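Sequences listed follow chains G and E, in order. In this text, residue positions in the first sequence follow this note's numbering: the first is 730, and each later residue adds one. In this text, residue positions in the second sequence follow this note's numbering: the first is 299, and each later residue adds one. Everything on this sheet refers to the single structure shown next.
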Amino acid sequence: MASAELKFLIVDDFSTMRRIVRNLLKELGYPNADEAEDGRDALAKLRSGRFDFVVSDINMPNMNGFELLREIRADAALKSLPVLMVTAEARKEDIIAAAQAGASGYIVKPFTKATLEEKVTKILQKMGG
Amino acid sequence: MGARRGAADTPGCCEQAAAEAVRAGAAAPRPPEPADPYDVFRRIGRLTRRLHDALAELGYDRKIEHAVGALPDARARLSWIAEVSGRSAERVLAAVERGKAKQQRLRAEAEALAARWGGFAAAAPVSEQFAALAADTRAHLAQAPALAAETDRELTEIMLAQDFHDLTGQVLARIAALTRELEDQLVRLLLDTTPPERRASIREAGLAGPVTDAEAEPDALVSQQQVDELLADLGF
């Protein structure tokens, strides 16, 4: 699938961060993106529409990124969806927990455009291979 | 009263006085050994009551009451900081998006014009002045796309720097939660050390409105329009 056709879901409780990630993805050649403000909102959108990639924060109200990740991996229709965690939580146990819960990648805030590009490309390559 | 005066003069002496009060309680004539093992809870209760009385006598209740009253205001200020910095970050992001779109347009137009100049050959001999102007224009158009790309990278940097709102916002939220917890604990402590007839007023004090809240401050002007209207009313 061409990069322009891939649909991303950006999940973060801070609108500024959603906007930053959305702009960066657009610059990287992925203009098709929607936003959700927490895990609960994201899960509803994922279940009602087609998405190819999730970029999610961890620390959010209502349903955090770990809970969202677990819900995605437990859902037959969503379980193979790539989920990239983008978060300020840089504790070792968080990173391990994310990997164990099935995260496809992990980026620590603050991050650069190059880091986002590298992780997204790597995940998409793995999916393709 | 001497103890109260001393408390104001010397920081830390209140703790000492409170400790003395507790020690005095411990040194008081002991009741006979309890036959009932649960009597120990009654004794702890009496001791706690003495400690509460000592705190109230030393004026700690007022200090706690003051702290409880100040916490919602502190929390509202934190929330105000998060809100204002968030609005600023959104404004910067919107400006960056507009700037990037303009840079993209400049770049595309420069490239198109450079291509046209590249294939242009004057049909008739031109003046030296025109030839120099054309050469300078070509040179400018040749470097314009690179300059536009560089400016775009700078705009990306400005955009990424707005992540401070998310990072600082998370810290502010944690501090706000901490002050809420502290306030709850203090209100409970205060209620425990206050006579029942005064407890209602303490509960109200604990819910005091923030000064950064426009509704709590009718004199506060929250928009430029309101400021302009006020100035117009005053004849400016």
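Where a beta carbon is used, it is the ideal one built from N, C-alpha and C, also for glycine. Since we're looking at a predicted model, the values are computed, not measured.
Quick one: is residue i near chain G, going by C-beta distance under 7 Å?
i       : result
L391(E) : yes
I362(E) : no
G417(E) : no
G504(E) : In this predicted model, G504(E) has a pLDDT of only 48, less than 50, meaning its place in the structure is not dependable enough to derive any value.
A305(E) : Residue placement at A305(E) is poorly supported in this model, since its pLDDT is 39, which falls under 50; the coordinates still yield a value, given next. No - not a single Cβ of chain G is within 7 Å of the one on A305(E).
D461(E) : yes
D482(E) : no
D334(E) : no
L465(E) : yes
Flag this pair as yes or no: are the beta carbons of residue i and residue j separated by less than 7 Å?
i       : j       : result
F840(G) : F782(G) : no
L797(G) : G768(G) : yes
R373(E) : T477(E) : yes
E846(G) : L757(G) : yes
K398(E) : L453(E) : yes
K848(G) : D461(E) : no
A771(G) : A762(G) : no
I749(G) : M457(E) : yes
R396(E) : P443(E) : no
L369(E) : L470(E) : no
I824(G) : V784(G) : no
DSSP three-state call for residue i: helix, strand or coil?
i       : result
G357(E) : coil
T816(G) : strand
G504(E) : For G504(E), the predicted structure reports a pLDDT of 48, less than 50, and the residue's modelled location is therefore unreliable. A value from the coordinates is still provided. Reduced to three states, the DSSP call for G504(E) is helix.
F840(G) : coil
N735(G) : Reading the sequence as shown, one finds Leu at residue 735(G) and not Asn. It is coil, neither helix nor strand.
G857(G) : helix
G397(E) : helix
G758(G) : coil
G343(E) : helix
Is any beta-carbon of chain E found at less than 7 Å from that of residue i?
i       : result
T745(G) : yes
K808(G) : no
P760(G) : no
K842(G) : yes
R748(G) : yes
K838(G) : yes
What does residue i reach in chain C if we use C-beta pairs closer than 7 Å?
i       : result
Q468(E) : No chain C is part of this structure, whose protein chains are labelled G and E.
Entirely enclosed beta strand (DSSP E) segments - the segment 402-444 of chain E, minimum 3 residues:
none
Any chance the segment 454-465 of chain E sits against the segment 405-412 of chain E, with 3 or more Cβ pairs inside 8 Å?
no
Suppose only complete runs of 4+ residues qualify. What are the alpha helix (DSSP H) ranges in the segment 763-803 of chain G, listed by chain order?
768-777, 794-803
With a threshold of 8 Å, are at least 3 pairs of Cβ atoms found where one atom belongs to the segment 417-425 of chain E and the other to the segment 371-384 of chain E?
no
With three or more C-beta pairs closer than 8 Å as the rule, is the segment 779-794 of chain G touching the segment 808-827 of chain G?
yes
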